[in-house]
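The working numbering numbers the first residue of the sequence shown as 9 and each following residue consecutively.
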Amino acid sequence: FLADGDAMTLPTGQLEKILDVINERLPRVRRISSYCLPRNIRGKSLEALSKLRSKGLSLVYVGCESGDDIVLAAVNKGETFESSLGALAKLKDAGMKRSVMILVGLGGREHSERH
9 FLADGDAMTL PTGQLEKILD VINERLPRVR RISSYCLPRN IRGKSLEALS KLRSKGLSLV
69 YVGCESGDDI VLAAVNKGET FESSLGALAK LKDAGMKRSV MILVGLGGRE HSERH
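And the structure:
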């Protein structure tokens, strides 16, 4: 796991080097994963994501937090349902598994059902 934050903020070349070191020094590692925000996926091309996938990055935990635009705006997430959906689709097209993180209760009682 590429821990301690959103590894997708790093330039693709730097991520490639990290993945190469993991593969070289830890050849028994079977899965490499990372957190990310949808906006940091938008900043990477499908080709770049596919390259990262080929080097072993196979699972990305995407911090969507909510699927509702009102809730997302209320917490200043800087994302929308559509922007999150686009990032998830791009990861899928690159061959990566995705796990979506939703913050339970983020919408409060008022927006619980929408959230």
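No residue lacks a Cβ here, since even glycine has one placed at the ideal position from N, Cα and C.
What residue does the alpha helix (DSSP H) around residue i start on, and which one ends it?
| i | result |
| --- | --- |
| glutamate 32 | 20-33 |
| serine 120 | It is not in any alpha helix (DSSP H) - serine 120 carries neither H nor E in the DSSP assignment. |
| leucine 171 | As shown, the chain starts at 9 and ends at 123. That puts residue 171 outside it, with no answer to give. |
Around the C-beta of residue i, are 16 or more other C-beta atoms found within 10 angstroms, so that it is buried, or is it exposed?
| i | result |
| --- | --- |
| alanine 11 | exposed |
| lysine 100 | exposed |
| alanine 95 | buried |
| glycine 115 | buried |
| isoleucine 49 | buried |
| leucine 34 | exposed |
| alanine 97 | exposed |
Tell me which same chain residues have a C-beta within less than 6 Å of the C-beta of residue i, skipping the five on either side of it?
| i | result |
| --- | --- |
| cysteine 72 | Ser92 and Val108 |
| arginine 61 | Ala102, Gly103 and Met104 |
| leucine 74 | Reading off the sequence, residue 74 comes out as serine, not leucine. Leu80, Leu114 and His123, listed in sequence order. |
Mapping the DSSP letters down to three states, classify residue i as helix, strand or coil.
| i | result |
| --- | --- |
| lysine 105 | strand |
| serine 92 | helix |
| serine 53 | coil |
Spatial neighbours of residue i within its chain, please: C-beta separation below 7 Å, excluding the five flanking residues on both sides.
| i | result |
| --- | --- |
| leucine 67 | Arg39, Ser41, Met104, Lys105 and Ser107 |
| proline 46 | Val70, Cys72, Glu87, Ser91, Ser92 and Ala95 |
Along the chain, where does the beta strand (DSSP E) containing residue i start, and where does it finish?
| i | result |
| --- | --- |
| leucine 65 | 65-73 |
| leucine 10 | 10-14 |
Would you grab the beta carbon distance between residue i and residue j for me? Rounded to a whole angstrom, and I think it's under 8 Å.
| i | j | result |
| --- | --- | --- |
| lysine 85 | glutamate 24 | About 29 Å; that fails the 8 Å criterion. |
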